[in-house]
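Residue numbers (my numbering), protein chains in the order written: chain A, 20 to 505; chain B, -14 to 112.
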């Protein structure tokens, strides 16, 4: 802008006075040669007392502002020395003793010959803006803390392409990924390859159409483990209300799934148990008559050896049926356990010698025991509890026909439950088989009846406990039995 | 052995099998098909032992047991059960005064030896 006459100069001064910034023009020596009205207002001095004074006497002149003044001075000196602009932010106490946060631009002004003529100080009052920033920061901090505190939730936002643009801090607990590792990556990273291929785009389509989509799904953690969640996806709208992405909220339902599995197994087994009891009764009567009559026939002396042999075979086969029915009845047994206070570690120790009476693979199995003594006692039926662990130990043994390590660990969970873990280093159990493993007659063994684990399940349930399986194909299986304190 | 035994079971083949088995043990055997019948017979005649099915149509085995014990307390009653070892049921029977039980899921040899054992110990108790 070129000023051609006095009126333009007046206009310029008017503009300077009315600008909503603090303006101060000082000589390279620091003497104020121009100040606008806003500056006079903030520092609370008339223009006459400002002009000709060193700027540092006018700004930051109180005791508490001393250090800031030093810094501000250093900035200004820096501008003079290195002939470049600089910025400074500091608090000034105005005439009414209110603290104002000012953000200064320090700009050197040069003559046509590139000599420094002076320095322009432009100050913005950023008090309110910073206060708002602080409030926002606090909200963000609060949100962060909320999500860190709620461990079973993950919250993240993607853009329309599905790339993650926001990842709440606490999400790392559930998903294993830290924010820095996952931000800007595609959300399909959190899904199984199959889901990522088809279900994900279907879900997002539904969100676009209906605004929300909720489903039970497996998410993939950083360590490739899958975790069951309820995933809720919402539209993410920008400030204009336009769809700009998706908000994902995932709730960990591992515990609920475990519980559901237990309930599902219990109900299934209860129904089968009823059927089994009824059937066993109906089978027992005719079977009893068959065996009894045959045994009586066998005592006839007139029989030739061939017939005796045949009858012997039939009796043996009938005996097989009888034993099976017996097991069935045991499985269907409804009588409540005879409860007494038990030390679980002692109960297990008592079972170990019995292992030798069972047909176990010949290969060498190393037994590692970590049975903690003096655990809180449980309330249990010793015979039944020992049957549980005998079954689990035999299974673990049989899972290692090539040999391996069998680990037995007992410990106090502290939540009024004790836990026993029985691990083998055998072949592992497939997902499909785990689903059926407690079903009566389900077996993968050549000569198994498939009743052992269903009986184990019932006993543990009747004791108010739970039984879980952790298994990895090729690595081994762990049965985890939790039983409540007495 | 020479005991007088009444066998009460509503299933004919079972009843006959028990009858034949006990006859071989030299018992004097009578049979009937219901609890009502058993009670009637026991009231009129004297038996050392009643072998009583726990699951009977009409009057239940448990009730029949109670009534036999009320009428002729000296009669030894042994229950027959198809349910294997059912603790609740057995303890109920014991409460009502039965001297033992025989499961139809037991091998024949065990049935006979249990029968003898129960009779012997019951007799020792009353003696």
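Using N, Cα and C, we set each Cβ at its ideal position, and we do this for glycine too.
Proximal residues of chain B, C-beta to C-beta of residue i below 7 Å
i: residue 311/A; result: 2, 6, 93
Coarse secondary structure for residue i, derived from DSSP in three states
i: residue 337/A; result: helix
i: residue 345/A; result: helix
i: residue 416/A; result: helix
i: residue 231/A; result: strand
i: residue 393/A; result: coil
i: residue 81/B; result: coil
i: residue 491/A; result: strand
i: residue 103/A; result: coil
i: residue 253/A; result: strand
i: residue 20/A; result: Bear in mind that a pLDDT of 47 at residue 20/A, under 50, signals an unreliable position, so the number given afterwards is only what the model happens to contain. Residue 20/A: coil per DSSP, three-state reduction.
i: residue 38/B; result: strand
i: residue 360/A; result: strand
i: residue 88/B; result: strand
i: residue 399/A; result: strand
i: residue 245/A; result: strand
i: residue 107/B; result: helix
i: residue 55/B; result: helix
i: residue 509/A; result: The requested residue 509/A is not part of the displayed model; chain A covers only 20 to 505.
i: residue 112/B; result: coil
i: residue 501/A; result: strand
i: residue 379/A; result: coil
i: residue 96/B; result: helix
Proximal chain B residues relative to residue i, where beta-carbon distance stays under 8 Å
i: residue 341/A; result: 90, 92
i: residue 564/A; result: This structure cannot settle anything about residue 564/A, because the visible part of chain A is limited to 20 through 505.
Residues near residue i by beta carbon distance below 7 Å, same chain, minus five either side
i: residue 461/A; result: 455, 469
i: residue 186/A; result: 175, 198, 201, 202
i: residue 4/B; result: -8, 14, 16
i: residue 303/A; result: 344
i: residue 65/B; result: -6, 36, 37, 38, 39, 87, 89
i: residue 176/B; result: No answer is possible for residue 176/B: it lies beyond the span of chain B, which begins at -14 and ends at 112.
i: residue 36/A; result: 55, 56
i: residue 392/A; result: 364
Interface residues of chain A facing residue i [CB-CB closer than 7 Å]
i: residue -4/B; result: 304
Close-in-space but distant-in-sequence residues of the same chain around residue i (CB under 6 Å, 5 per side omitted)
i: residue 490/A; result: 447, 448, 496
i: residue 20/A; result: Its pLDDT being 47, under 50, residue 20/A is placed unreliably in this model, and the value from its coordinates should be taken loosely. Excluding positions up to five away in sequence, the list is empty.
i: residue 441/A; result: 411, 415, 427, 498
i: residue 99/B; result: 87
i: residue 7/B; result: -10, 14
Same chain, Cβ closer than 8 Å to residue i, neighbours up to 5 away in sequence not counted
i: residue 262/A; result: 179, 227, 254, 255, 256
i: residue 387/A; result: 424, 425, 426, 427
i: residue 47/A; result: 99, 135, 136, 137, 138
i: residue 306/A; result: 337, 340, 341, 344
i: residue 310/A; result: 334, 337, 338, 341
i: residue 413/A; result: 374, 377, 379, 471
i: residue 50/A; result: 71, 72, 73, 74
i: residue 19/B; result: -7, -5, 41, 42, 43, 44
i: residue 24/B; result: 44, 49, 52, 53, 56
i: residue 295/A; result: 347, 348, 350, 351, 459
Neighbour list for residue i in chain B, Cβ cutoff strictly below 9 Å
i: residue 315/A; result: 2, 5, 6, 9, 93
Residue-level contact to chain E via CB, residue i, 7 Å cutoff
i: residue 210/A; result: The structure shown contains no chain E; its protein chains are A and B.
Chain-ordered chain A contacts of residue i [CB-CB under 8 Å]
i: residue -1/B; result: 304, 307, 308
Query - 3 or more residues per run - each beta strand (DSSP E) lying fully within the segment 107 to 193 of chain A - result: 118 to 129, 135 to 144, 172 to 178, 183 to 186
Query raised in the report: Which of the residues in the segment 11 to 45 of chain B, read from start to end, lie with their CB under 7 Å from any CB of chain A?
Result: none
Query raised in the report: Which runs of the beta strand (DSSP E) spanning at least 3 residues fall entirely within the segment 27 to 78 of chain A, listed in chain order?
Result: 41 to 45, 51 to 54
Query raised in the report: At what residue ranges does the segment 264 to 343 of chain A contain a whole run of the alpha helix (DSSP H), taking only runs of 4 or more?
Result: 273 to 317
Query raised in the report: What are the start and end residues of each continuous alpha helix (DSSP H) run of 4 or more residues lying completely inside the segment 416 to 480 of chain A, in chain order?
Result: 450 to 455
Query raised in the report: Where in the segment -11 to 45 of chain B do unbroken runs of the beta strand (DSSP E), each at least 3 residues long, occur, reported from the N-terminal end onward?
Result: -11 to -7, 13 to 17, 34 to 38
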